[in-house]
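Q:
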Amino acid sequence: MILNETQDRPKMKKTIILGFDGASPDLIKQWAEQNELPNFKKIIDTGIHGPLKTTIPPLTPCAWSSLITGKNPGKHGIYDFFYLNEQHEMKIHSSVNRSSKDLWEYLTENNLKSFVFNVPFTYPPKNINGIMVSDFTTPSTEADFTHPPELKKEILEKHPDFKISEKSKFSENEKSKKEFQDEAFRLADLRYKVAIDLMKNQDFDFAMIVFMLIDHMQHWYWKYMDKNHPKYQKDSSLEDTIKNAYKKMDSFLGKFIQTFPNHNIIIVSDHGGGPYYKDVTINKWLMDENYLFLKKNRSFQKSIANKIGTNKLISKGLNLGLWKFISSSPRIKELIQKKLLLTYNDIDWDKTLAYSYGYYGPIYINKDIVKSVEELQKLKNEIKEKLKKIKDPITKEVLIKQIWDREELYSGEKSDILPDIVINMGDFSYACSSTFPFSSNEIFSEPKTFKTGDHTQYGIFMACGSDIKKGKEIKNATIYDTAPTILHIFNIPIPKDMDGKVLREIFKEDSEFVKPITYQSNEGKYDKKEKAMQQKALTDKDEEKTKERLRDLGYL
Numbered sequence: 010m011i012l013n014e015t016q017d018r019p020k021m022k023k024t025i026i027l028g029f030d031g032a033s034p035d036l037i038k039q040w041a042e043q044n045e046l047p048n049f050k051k052i053i054d055t056g057i058h059g060p061l062k063t064t065i066p067p068l069t070p071c072a073w074s075s076l077i078t079g080k081n082p083g084k085h086g087i088y089d090f091f092y093l094n095e096q097h098e099m100k101i102h103s104s105v106n107r108s109s110k111d112l113w114e115y116l117t118e119n120n121l122k123s124f125v126f127n128v129p130f131t132y133p134p135k136n137i138n139g140i141m142v143s144d145f146t147t148p149s150t151e152a153d154f155t156h157p158p159e160l161k162k163e164i165l166e167k168h169p170d171f172k173i174s175e176k177s178k179f180s181e182n183e184k185s186k187k188e189f190q191d192e193a194f195r196l197a198d199l200r201y202k203v204a205i206d207l208m209k210n211q212d213f214d215f216a217m218i219v220f221m222l223i224d225h226m227q228h229w230y231w232k233y234m235d236k237n238h239p240k241y242q243k244d245s246s247l248e249d250t251i252k253n254a255y256k257k258m259d260s261f262l263g264k265f266i267q268t269f270p271n272h273n274i275i276i277v278s279d280h281g282g283g284p285y286y287k288d289v290t291i292n293k294w295l296m297d298e299n300y301l302f303l304k305k306n307r308s309f310q311k312s313i314a315n316k317i318g319t320n321k322l323i324s325k326g327l328n329l330g331l332w333k334f335i336s337s338s339p340r341i342k343e344l345i346q347k348k349l350l351l352t353y354n355d356i357d358w359d360k361t362l363a364y365s366y367g368y369y370g371p372i373y374i375n376k377d378i379v380k381s382v383e384e385l386q387k388l389k390n391e392i393k394e395k396l397k398k399i400k401d402p403i404t405k406e407v408l409i410k411q412i413w414d415r416e417e418l419y420s421g422e423k424s425d426i427l428p429d430i431v432i433n434m435g436d437f438s439y440a441c442s443s444t445f446p447f448s449s450n451e452i453f454s455e456p457k458t459f460k461t462g463d464h465t466q467y468g469i470f471m472a473c474g475s476d477i478k479k480g481k482e483i484k485n486a487t488i489y490d491t492a493p494t495i496l497h498i499f500n501i502p503i504p505k506d507m508d509g510k511v512l513r514e515i516f517k518e519d520s521e522f523v524k525p526i527t528y529q530s531n532e533g534k535y536d537k538k539e540k541a542m543q544q545k546a547l548t549d550k551d552e553e554k555t556k557e558r559l560r561d562l563g564y565l
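Using this note's numbering, read the sequence shown as starting at 10 and increasing by one per residue.
1) Give the secondary structure of residue 448 by DSSP, where H, G and I count as helix, E and B as strand, and everything else as coil.
2) So the candidates are 286, 493 and 363; which of them puts its Cα closest to the Cα of residue 299?
3) Does the stretch 58 to 69 touch the stretch 479 to 492, meaning 3 or more C-beta pairs lie closer than 8 Å?
4) Do residue 255 and residue 46 have their C-beta atoms closer together than 8 Å?
5) Under the three-state reduction of DSSP, which class applies to residue 149: helix, strand or coil?
6) According to the neighbour-count rule (16 or more other Cβ atoms, all chains shown, within 10 Å of its Cβ), is residue 138 buried or exposed?
7) Going by beta-carbon coordinates alone, are residue 132 and residue 146 separated by less than 8 Å?
8) Distance, Cα to Cα, residue 440 vs residue 187?
9) Do the stretch 273 to 290 and the stretch 457 to 471 meet, that is, are 3 or more Cβ pairs less than 8 Å apart?
10) Nearest-angstrom Cα distance between residue 44 and residue 408?
11) Under DSSP, the alpha helix (DSSP H) around residue 71 begins and ends at which residues?
12) Considering only the alpha carbon of each residue, which of 196, 198, 399 and 215 lies closest to residue 293?
13) In the DSSP assignment, what residue or residues form a beta bridge with residue 482?
14) Using a threshold of 8 Å, state whether the C-beta atoms of residue 486 and residue 76 are closer than that.
15) With H, G and I counted as helix, E and B as strand and the rest as coil, what does DSSP make of residue 273?
16) Contact between the stretch 206 to 225 and the stretch 23 to 43: three or more CB pairs below 8 Å?
17) Any beta carbon from chain E within less than 8 Å of residue 68's own beta carbon?
18) Rounded to the nearest angstrom, what separates residue 396 and residue 367 at their Cα positions?
19) Determine the DSSP secondary structure at residue 351, reduced to helix, strand or coil.
20) Given this structure, state the Cα-to-Cα distance separating residue 361 from residue 432, to the nearest angstrom.
21) Indicate whether residue 127 and residue 156 have their beta-carbon atoms separated by less than 8 Å.
22) Select from 168, 100 and 173 the residue whose C-alpha is nearest the C-alpha of residue 205.
23) Could you pull the DSSP bridge partners for residue 471 from this structure?
24) Name the DSSP bridge partner or partners of residue 462?
25) With distances taken between CB atoms, is the gap from residue 522 to residue 488 smaller than 8 Å?
26) DSSP puts residue 413 in a beta bridge; with which residues?
27) When DSSP labels each residue in this structure, what does residue 364 get in the three-state scheme?
28) Per DSSP, which one or two residues make a beta bridge with residue 516?
29) With a threshold of 16 other CB atoms inside 10 Å of the CB of residue 195, please say whether the residue is buried or exposed.
30) With a Cβ-Cβ cutoff of 8 Å, do residue 471 and residue 251 count as a contact?
31) Please classify residue 227 as buried or exposed, where buried requires at least 16 neighbouring CB atoms within 10 angstroms.
32) My guess is that residue 22 and residue 422 are in contact by the Cβ rule of under 8 Å, so how many angstroms apart are they, rounded?
33) Between which two residues does the beta strand (DSSP E) harbouring residue 233 extend?
34) From this set, 87, 149 and 111, which residue's C-alpha is nearest residue 553's C-alpha?
35) Can you tell me whether DSSP reads residue 24 as helix, strand or coil?
36) Would residue 429 be called buried (16 or more neighbouring beta carbons within 10 Å of its own) or exposed?
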């Protein structure tokens, strides 16, 4: 190893964060009570546990970015997987886009070493004091996905089968369902092995490791577990897939505790998991309400496809076998979709007042047309009142469970790039296509992927260690609280612009961590220009590779 050297620095308790993306407190409680998750149960009985309120929306990019910065998306600037540039082109977010310091950057400034492994949206990796191995947004193993860069060679030589994410793609045929499941579990085992090997040979003060297995299994296999899901399918070989993912993470948790018995360990997730029911095309609704207009000179193919309905057109024009073949080739599929589906470049921006962009259907006001504060608020109020009346045509239930103005949720210098209206559709069990804003000519449609599970508002917060209280439940933790709590453990003053609080209530009364909280006025020694120079922006080729992976994982 190249980072074995130690430095003179204060002796303090070492801390590990284990992230289990998508882990739900209700499922952990249920299976722990049934003795299916012995290590989670032990922490519930002898440590700290409770729900972790996540961001709105409960989406991986903004949630993990908020956890590692302690700030809301209005400050760090990452809201969804993608953003629209000034040419209305879809661009993928990366660590370069995050406008606030990650907690390991504070640790680096204070001569503390970090081990960061597979934390979402850490590609490209940063120049920190320690080790960083980036996540599933890495284009491929050909990219420089480690810091230091030479660590990549060491990993690939020792673990030649190391992968960024699953290579196989989930579909409804029996072979694919089994292959995707098996590969996902193998990849989780491999990631655990690589992480442990590196940690045993690395002197670190702080470590954070994230596993994606639970989230990926919940997205694709929910209908095999949930008998109340409208698409419930009985399959004895798949009904325990999600439970087995939790059991796999439980085994990892036990091994980490056994391997690092003198460390405080904090367990978190970025959101929970729940059912996914339908796609919603908010832009279709905005068109129907005369808030969004299309260009009249759009292509003939797109006009016909939109009129007939792309889903119906494809089902009539292509037999099922051919469509499965096309679906298996993301590039061919995207080419066909681009020819048939309307994009943001087909919007008449000189007439459009509002449009939707993003996974959970947030709405943006076109500020080139709506310029005054009074006009803006009047339009927002009008749209919100109409949104409240939308109902699912099948269930007859009101779609919008909650609705917010941007200012109710976000604050900071990046707030102006965030949506003006944020909505919760069916407790986040309905969502939109991120890449194709007019993927259906109907407001409600069947999902365009095989996904039957999605995200919920509460993840998990758990902790164990010699400084942690025994058998206590915490009820008010938010995703913003983790970063300031870690800084407090390491005697680093908390920046006043962090939105989270230090969770002092998790520590024993005689722990050194019940000490008074100290603050600093701002982020401190942070040069955004220097940060930008240290990191490479994603090339077009990188973006295409990452888009392809996100498609396979069901995010597009």
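Glycine is no exception: its CB is placed at the ideal position from the N, C-alpha and C atoms.
Computed from a predicted model, the values in this text were never measured in an experiment.
A: Result, derived from the coordinates:
1) Judged by DSSP in its simplified three-state form, residue 448 adopts coil rather than helix or strand.
2) It is 363 whose Cα lies nearest to the Cα of residue 299.
3) For the pair of segments examined, the stretch 479 to 492 was found to touch the stretch 58 to 69: the number of CB pairs separated by less than 8 Å reaches three.
4) Against a cut-off of 8 Å, the Cβ pair of residue 46 and residue 255 comes out as a contact.
5) Coil at residue 149, not helix or strand.
6) Under this definition residue 138 is a buried residue.
7) Their beta carbons are under 8 Å apart, which means residue 132 touches residue 146 by this criterion.
8) Cα to Cα, residue 440 sits roughly 26 Å from residue 187.
9) Yes, the stretch 273 to 290 is in contact with the stretch 457 to 471.
10) Linking residue 44 to residue 408 through their CA atoms gives a straight-line distance of about 37 Å.
11) It spans 69 to 78 - the alpha helix (DSSP H) in which residue 71 sits, taken as one unbroken run.
12) Checked all of 196, 198, 399 and 215; the closest Cα to residue 293 is 399.
13) Under the DSSP definition of a beta bridge, residue 482 partners with 58.
14) Their beta carbons are not under 8 Å apart, which means residue 486 does not touch residue 76 by this criterion.
15) Reduced to three states, the DSSP call for residue 273 is strand.
16) The count of Cβ pairs closer than 8 Å, one atom from the stretch 206 to 225 and one from the stretch 23 to 43, reaches three, so the stretches are in contact.
17) This model lacks chain E altogether; it includes just one protein chain.
18) Each residue's Cα considered, the two are about 17 Å apart.
19) Note: residue 351 maps to coil in three-state DSSP.
20) Each residue's alpha carbon lies about 20 Å from the other.
21) With respect to residue 156, residue 127 sits apart: the two C-beta atoms are not nearer than 8 Å.
22) Of 168, 100 and 173, the smallest CA-CA separation from residue 205 is found for 168.
23) Bridge partners of residue 471: 58 and 276.
24) Residue 462 is bridged by DSSP to 284.
25) No. Outside cutoff.
26) 431, per the DSSP bridge assignment.
27) Reduced to three states, the DSSP call for residue 364 is strand.
28) According to DSSP, residue 516 bridges with 477.
29) Exposed, by the Cβ-count rule.
30) Contact check for residue 471 against residue 251 fails: the beta carbons are separated by 8 Å or more.
31) Buried: at least 16 other Cβ atoms inside 10 Å.
32) Going by Cβ atoms, the distance from residue 22 to residue 422 rounds to 35 Å, so no, they are not a contact pair.
33) Unbroken run through residue 233 is the alpha helix (DSSP H), 222 to 234; no beta strand (DSSP E).
34) Residue 553 has its Cα closest to that of 149, out of 87, 149 and 111.
35) Of the three classes helix, strand and coil, the one that applies to residue 24 here is strand, per DSSP.
36) Buried, because 16 or more other Cβ atoms sit within 10 Å of the Cβ of residue 429.
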